[in-house]
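Participant: Protein chains in written order, with the numbering used here: chain H, 20 to 275; chain C, 20 to 275. Following this message is one structure expressed as structure tokens.
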DNA sequence: CGCGACCTTGAGTAGGCTCAATGCCGGTGG
DNA sequence: CCACCGGCATTGAGCCTACTCAAGGTCGCG
């Protein structure tokens, strides 16, 4: 429905101007100088609109473009030849996708959408201008890469050393706050997490069945609530201590 | 012993000039322009010499310095409050440590040495000059961060979705080639991996006992050889297919 | 000679896995 | 309006990979 709504307008005219980007007004993102804003605007070569369950980037391929998520959710993943899949991270509005292809010929992971998604498109050949002319934005790219590294570090700690119930608890807290930070609508019943339990298992290195049974335990113990895609945390204190999780996202981050 | 040997000279005089850096001549690293080399040299504020099992950086602390490993091995790790530890990655000669502190106040992981180590020291306040004056080096930092992300992606796939024997096999291949690339001495019996089985278990998300039994299986099947710290791969073909591992390090990388 | 660091091995347990059904929608075609 | 189907959640049963506990064994060092 998101797609058909947009399709009613002429595609070229529907492109969001960076200065008017709805994300930029969120408290999550740092303020850009007019010069930076103008440059990012000039870098933006268009928007890419994808349906749910579409492939954004594919492992082994090289991409001519980099993307920023304007709206919707996606996830990064890698697979083994026999089909086992590991979800590496989720991408929410404001997140940058494909930084790897600035630097390497081939992607080492794939990206797939979880919802209909709108992406800002940046041609990778022009990234060099960014490094040459906008030191502040170059620094932001390091910032973005370091944040990604932090998220992966935390994820690695989870999968390597936390039990199933700890893993699920910490991922829930983590996603809840990221969803809030990206401007997800909040209702009394929480935020919308557009994930199936299959996605969760693949993110957590667990089987689908065991993930289901563990989520069940968490809801029965009144720690979380998850019904029809609406998700809420009922007892954050207990959930955090159960998960041994105390990470927080930094207050302000760049939006390129 | 490495330390006492160095300690005989006046400390200031023993500092390696970047132009004469033994790592730079390895085929692993890309050539730097004289200008870049001069800048890196000017950025270098000294060398830090640490014994084995010393702490380089600590989770929760902020570091005034960034480091490049000149010689020796170290590892990055995170811990849970009850002591469970996850090794995130290993650092070999040529690897950059503490990029996070360019960007964040606090480290989210710790770094500890596996052998005596010599580090090049760069003050983090001056990193801004790098972004402003040397776009090429700024790009290299993105390169370095992206490489780290790749390594973490692969590690996450291993821990989340590979079995114990697959995990150990793939880590062995991975470390073997990284050791070679960093200029480790090779003998007929392979390269030296300065790790205990405890380190391996913590890197792989396995228990010590199970790691031991699985390594045993690999040696009994004549796939690898590991005795007294000397390590070799006996049947790379079979090992790779067992591990479902086909990653390679890129040919050339920057050395800052 | 004793001690500490590390490796090895056996025994029993359990957390998480696979297999197999069933239930619950919402959408589609008759 | 209803039957059917596909995608997802749920639950039970039984198994197995990996874990914990507990002993030794080896080697280098003070």
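Note that beta-carbon positions come from the ideal geometry of N, C-alpha and C, so glycine has one too.
Which chain C residues sit within Cβ distance under 7 Å of residue 158 of chain H?
Facilitator: In the first chain, residue 158 of chain H corresponds to position 139, counting from 1. In chain order: 150.
Participant: What would DSSP say about residue 245 of chain C, mapped onto helix, strand or coil?
Facilitator: Mapped onto the second chain, residue 245 of chain C falls at position 226. Strand at residue 245 of chain C.
Participant: Taking C-beta to C-beta, are residue 292 of chain H and residue 107 of chain C nearer than 8 Å?
Facilitator: Examination of residue 292 of chain H is not possible in this model, given that chain H is present from 20 through 275 alone.
Participant: What separation, rounded to the nearest whole angstrom, lies between the Cα atoms of residue 186 of chain C and residue 50 of chain H?
Facilitator: By one-based count along the second chain, residue 186 of chain C stands at place 167. By one-based count along the first chain, residue 50 of chain H stands at place 31. Taking the straight line joining both Cα atoms gives about 44 Å.
Participant: Taking the alpha-carbon positions, what's the residue 60 of chain H to residue 250 of chain C distance?
Facilitator: Within the first chain, the letter at position 41 stands for residue 60 of chain H. Within the second chain, the letter at position 231 stands for residue 250 of chain C. If I take the Cα positions, the gap works out to 53 Å.
Participant: Are at least three pairs of beta-carbons, each pair with one atom in the stretch 148 to 168 of chain H and one in the stretch 74 to 84 of chain H, less than 8 Å apart?
Facilitator: Contact fails: fewer than three Cβ-Cβ distances are below 8 Å.
Participant: Quick one, which of C:172, C:143, C:220, C:37 has its alpha-carbon nearest residue 53 of chain C's?
Facilitator: Within the second chain, the letter at position 34 stands for residue 53 of chain C. The option with the nearest alpha carbon to residue 53 of chain C is C:37.
Participant: For residue 125 of chain C, count neighbouring Cβ atoms within 10 angstroms of its own Cβ and tell me buried if that reaches 16, exposed if not.
Facilitator: Numbered from 1 along the second chain, position 106 holds the residue referred to as residue 125 of chain C. When all chains shown are included, residue 125 of chain C counts as exposed.
Participant: First and last residue of the beta strand (DSSP E) that includes residue 86 of chain H?
Facilitator: In the first chain, residue 86 of chain H corresponds to position 67, counting from 1. Note, residue 86 of chain H: beta strand (DSSP E), 84 to 90.
Participant: Is DSSP giving residue 264 of chain H helix, strand or coil here?
Facilitator: To locate residue 264 of chain H, count along the first chain from 1; it is residue 245. Three-state result, residue 264 of chain H: coil.
Participant: DSSP on residue 184 of chain H, reduced to helix/strand/coil?
Facilitator: On the first chain, position 165 is the one that residue 184 of chain H refers to. The answer is helix: DSSP assigns residue 184 of chain H an H, G or I state.
Participant: Express the C-alpha separation of residue 223 of chain H and residue 191 of chain C in angstroms, rounding to a whole number.
Facilitator: As a working note, residue 191 of chain C is residue 172 in the second chain. As a working note, residue 223 of chain H is residue 204 in the first chain. Near 24 Å, if we compare the C-alpha coordinates of residue 223 of chain H and residue 191 of chain C.
Participant: Let's see if you can read the secondary structure: which residues bound the beta strand (DSSP E) around residue 287 of chain H?
Facilitator: Lying before the first or after the last residue shown, residue 287 of chain H is absent from chain H, which here runs from 20 to 275.
Participant: According to DSSP, is residue 129 of chain H part of a helix, a strand, or is it coil?
Facilitator: By one-based count along the first chain, residue 129 of chain H stands at place 110. Residue state, collapsed to three classes: strand.
Participant: Counting only the same chain and skipping the five closest in sequence on each side, list residues whose C-beta sits under 6 Å from that of residue 202 of chain H.
Facilitator: Counting from 1 along the first chain, the entry for residue 202 of chain H is found at position 183. So the qualifying residues of the chain are 45.
Participant: Please list, in chain order, all residues of the same chain as residue 253 of chain C whose beta carbon is under 7 Å from its beta carbon, the five residues on each side excluded.
Facilitator: As a first step, residue 253 of chain C must be located in the second chain, where it is residue number 234. Taken in chain order, the residues that qualify are 241, 242, 243, 244.
Participant: Note down the Cα distance separating residue 265 of chain H from residue 101 of chain H, rounded to an integer number of angstroms.
Facilitator: For the purposes of this step, residue 265 of chain H is taken as the residue at position 246 of the first chain. For the purposes of this step, residue 101 of chain H is taken as the residue at position 82 of the first chain. Going from the Cα of residue 265 of chain H to the Cα of residue 101 of chain H covers about 35 Å.
Participant: Please determine if the stretch 157 to 170 of chain C and the stretch 254 to 274 of chain H are in contact, where contact requires at least 3 C-beta pairs separated by less than 8 Å.
Facilitator: Taking 8 Å as the limit for Cβ pairs, the verdict is that the stretch 254 to 274 of chain H does not touch the stretch 157 to 170 of chain C.
Participant: Along chain C, which residues have their Cβ under 8 Å away from the Cβ of residue 100 of chain H?
Facilitator: Indexing the first chain from 1 puts residue 100 of chain H at position 81. Correct list: 263.
Participant: How would you list, in chain order, the residues of chain C whose beta-carbon sits under 8 Å from the beta-carbon of residue 228 of chain H?
Facilitator: As a position in the first chain, residue 228 of chain H is number 209, starting the count at 1. Within 8 Å Cβ-Cβ: nothing; residue 228 of chain H doesn't reach chain C, min ~16 Å.
Participant: Quick one: using the 10 Å Cβ neighbour count with 16 as the cut-off for buried, is residue 193 of chain H buried or exposed?
Facilitator: Sequence index remark: in the first chain, residue 193 of chain H carries index 174 (1-based). Burial call: buried.
Participant: For residue 209 of chain C, which residues of its own chain have a beta-carbon under 8 Å away from its beta-carbon, when the five flanking residues on both sides are left out?
Facilitator: Translated into positions along the second chain, residue 209 of chain C becomes position 190. Cβ within range, chain order: 195, 244, 249, 250, 251, 252.
Participant: Beta-carbon within less than 6 Å of residue 273 of chain C's beta-carbon, same chain only, minus the 5 sequence neighbours each way: which residues are those?
Facilitator: Working through the second chain from its first residue, we reach residue 273 of chain C at position 254. Closer than 6 Å at Cβ, skipping near neighbours: 49, 159, 162.
Participant: Between the beta-carbon of residue 164 of chain H and the beta-carbon of residue 165 of chain C, is there less than 8 Å?
Facilitator: If you number the first chain from 1, residue 164 of chain H lands on position 145. If you number the second chain from 1, residue 165 of chain C lands on position 146. Yes.
Participant: Alpha carbon to alpha carbon, how far is residue 142 of chain C from residue 132 of chain H? Give it in angstroms, no decimals.
Facilitator: Residue numbering aside, residue 132 of chain H sits at position 113 when the first chain is read from its first letter. Residue numbering aside, residue 142 of chain C sits at position 123 when the second chain is read from its first letter. Approximately 41 Å between the Cα atoms of the pair.
Participant: Could you pull out every residue in the same chain whose Cβ sits closer than 7 Å to the Cβ of residue 78 of chain H, ignoring the five residues on either side in sequence?
Facilitator: One-based indexing of the first chain puts residue 78 of chain H at position 59. Correct list, in chain order: 97, 126, 127, 128, 129.
Participant: At a CB-CB cut-off below 7 Å, which residues of chain H make contact with residue 103 of chain C?
Facilitator: Stepping through the second chain from its first residue, residue 103 of chain C is reached at position 84. Those are 180, listed as they occur along chain H.
Participant: Answer with yes or no whether the minimum CB distance from residue 168 of chain H to chain C is below 8 Å.
Facilitator: As a working note, residue 168 of chain H is residue 149 in the first chain. So yes, residue 168 of chain H belongs to the interface.
Participant: Please name the residue or residues paired with residue 251 of chain C in a DSSP beta bridge.
Facilitator: In the second chain, counting from the first residue as 1, residue 251 of chain C sits at position 232. According to DSSP, which records beta bridges pairwise, residue 251 of chain C is partnered with C:244.
Participant: So, for residue 114 of chain C: in the same chain, excluding its five sequence neighbours on each side, which residues have a beta-carbon less than 6 Å away from its beta-carbon?
Facilitator: As a first step, residue 114 of chain C is located in the second chain; it is residue number 95 there, counting from the start. 88.
Participant: Using a beta-carbon distance below 8 Å, is residue 241 of chain H in contact with chain C?
Facilitator: Start at 1 with the first residue of the first chain, and residue 241 of chain H comes out as number 222. Not an interface residue.
Participant: If residue 136 of chain H and residue 69 of chain H are in contact, beta carbons under 8 Å, what's the gap, nearest whole angstrom?
Facilitator: On the first chain, residue 136 of chain H is found 117 positions in, with the first residue counted as 1. On the first chain, residue 69 of chain H is found 50 positions in, with the first residue counted as 1. Confirmed, Cβ separation roughly 5 Å.
Participant: Using 10 angstroms around the beta-carbon of residue 112 of chain H, count the other beta-carbons present and answer buried if the total reaches 16, otherwise exposed.
Facilitator: Here residue 112 of chain H corresponds to residue number 93 of the first chain, with the count starting at 1. Under this definition residue 112 of chain H is a buried residue.
Participant: Would you say residue 128 of chain H reaches chain C, if we count a Cβ-Cβ gap shorter than 8 Å as a contact?
Facilitator: Reading the first chain from its first residue, position 109 is the one you call residue 128 of chain H. For residue 128 of chain H, the answer is yes, since a Cβ of chain C falls inside 8 Å of its Cβ.
Participant: DSSP three-state label for residue 64 of chain H, please.
Facilitator: For the purposes of this step, residue 64 of chain H is identified with residue 45 of the first chain, where counting begins at 1. Coil.
Participant: If you check the beta carbons only, do residue 85 of chain H and residue 65 of chain H fall under 8 Å apart?
Facilitator: Numbered from its first residue, the first chain carries residue 85 of chain H at position 66. Numbered from its first residue, the first chain carries residue 65 of chain H at position 46. Against a cut-off of 8 Å, the Cβ pair of residue 65 of chain H and residue 85 of chain H comes out as no contact.
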